[in-house]
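Here the structure comes first, spelled out in structure tokens, and everything after it is commentary.
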Amino acid sequence: MDSSFRPKLIDFHGVSMTHYFTDNWDNVQNFQARPDDILIATYPKAGTTWVSCILDLLHFGQTSPERHTSMSIYDRVPFLEMAVPSVPKGTELAENLVTSPRLIKTHFPVQFVPKSFWEQNCRIVYLARNAKDSAVSYFHFDRMNMAEPEPGDWSVYLQRFMQGKLVFGSWYDHVNGWWKKKQTYSKIHYMFYEDLTEDTGYEMDKLCSFVGLSPSEEQKKSIISMVEFDNMKKNNMANHSSIPVMDFKISHFMRKGKVANWKDHFTVAQNERFDEDYKRKMTDPTLKFRTEIDIAAV
Ligand code: A3P
984 MDSSFRPKLI DFHGVSMTHY FTDNWDNVQN FQARPDDILI ATYPKAGTTW
1034 VSCILDLLHF GQTSPERHTS MSIYDRVPFL EMAVPSVPKG TELAENLVTS
1084 PRLIKTHFPV QFVPKSFWEQ NCRIVYLARN AKDSAVSYFH FDRMNMAEPE
1134 PGDWSVYLQR FMQGKLVFGS WYDHVNGWWK KKQTYSKIHY MFYEDLTEDT
1184 GYEMDKLCSF VGLSPSEEQK KSIISMVEFD NMKKNNMANH SSIPVMDFKI
1234 SHFMRKGKVA NWKDHFTVAQ NERFDEDYKR KMTDPTLKFR TEIDIAAV
């Protein structure tokens, strides 16, 4: 697909979006959630695919081990608001899921989530990733994905990230909005990409207790291995290689899978400006991100 396909950014109820995620708005807002649905919510590039595979394997890996290598993650965990021409809409895929619980993905900021998820008191897994790595990952994703607005060069892109002028809006509003919601809605499990990188097993244990599963040690070990970056990168059902709008000659979907890759992209001046702006926007001392981890401990 050529780059003339690239959509424009629009202001949608105060959030930057593209029509691919708003065209099916009424059906999305009227989506009927079920009490056992699990919503996986993230700002783009937080590791959505990673946590989606983990939850899918935890729930269905025992009974249908072939799913992970024969069914694309898009079909296993439908992307609720997606409405791209000539492929089924996210709402349709979700409605057609035969497994229970249904695992459903969204990138919506908290205020856009269809009301039935709250009414049905569904479990929600929110995965967040530090701002600097999110910006870098999103930049490379937007370069290779022709269904995203033109990214421009890195310095312009970083500016737009800071202004919240990317699809699904401001990273700062997203992570803060969901964090705030967690204070009043108890069924949100808020987790971090950096923690998942540092200790996948421990984070998986916490996820299991949140969703009420108790896999055997053997099962857990096997899942940890299946979701290792290199294994997911090789797995055509997880690595997005079959999506025609993504140009893998430009960049891979499973690109680096690292914490602190931002250090290879930010100049010293960009980093200083970013940190200053970050301090002004991230005023809640209870929400803390790590922009690096002790690699030796991983
Ligand atoms: P990078 O671009 O930094 O490599 P999402 O699924 O939300 O779009 O997130 C994609 C990001 O998560 C990419 O980051 C991708 O490489 C990373 N990722 C996906 N699977 C991973 C895994 N198993 N381990 C570590 N990172 C992973």
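Sequential numbering of the sequence shown, starting at 984, is according to the working numbering.
All C-beta atoms in this analysis are idealised placements derived from N, C-alpha and C, irrespective of residue type, glycine included.
From a predicted model like this one, the values you see are computed outputs, not experimental measurements.
Under the 10 Å beta carbon count, Leu1196 is surrounded by fewer than 16 other beta carbons and is classified as exposed. Nearest neighbour of Met1215 by Cα position, chosen from Pro1198, Ser1138 and His1235, turns out to be His1235. Ser999: member of the beta strand (DSSP E) spanning Val998 to Met1000, first to last residue. Under the three-state reduction of DSSP, Met1220 is assigned to coil, being neither helix nor strand. At least one heavy atom of the ligand A3P falls within 7 Å of the beta-carbon of Trp1033. For Ser1047, the shortest C-beta to heavy atom distance toward the ligand A3P is 7 Å or greater. Nearest neighbour of Asn1219 by Cα position, chosen from Leu1270, Arg1017, Glu1049 and Met1065, turns out to be Glu1049. Within the region 1043-1119, the runs of alpha helix (DSSP H) at least 4 residues long that lie entirely inside it are, in chain order, 1050-1053, 1056-1059, 1073-1078 and 1098-1102. Under the criterion of beta carbons closer than 8 Å, Phe995 and Thr1005 qualify as touching, at roughly 5 Å. In terms of CA proximity to Lys1115, Ala1029 leads the group Glu1102, Thr1001, Ala1029 and Ile1206. Assignment of alpha helix (DSSP H) within the region 1249-1277, counting only whole runs of 4 or more residues, yields 1251-1264 in chain order. Looking at the backbone, the Cα of Pro1097 and that of Gln1012 are separated by about 5 Å.
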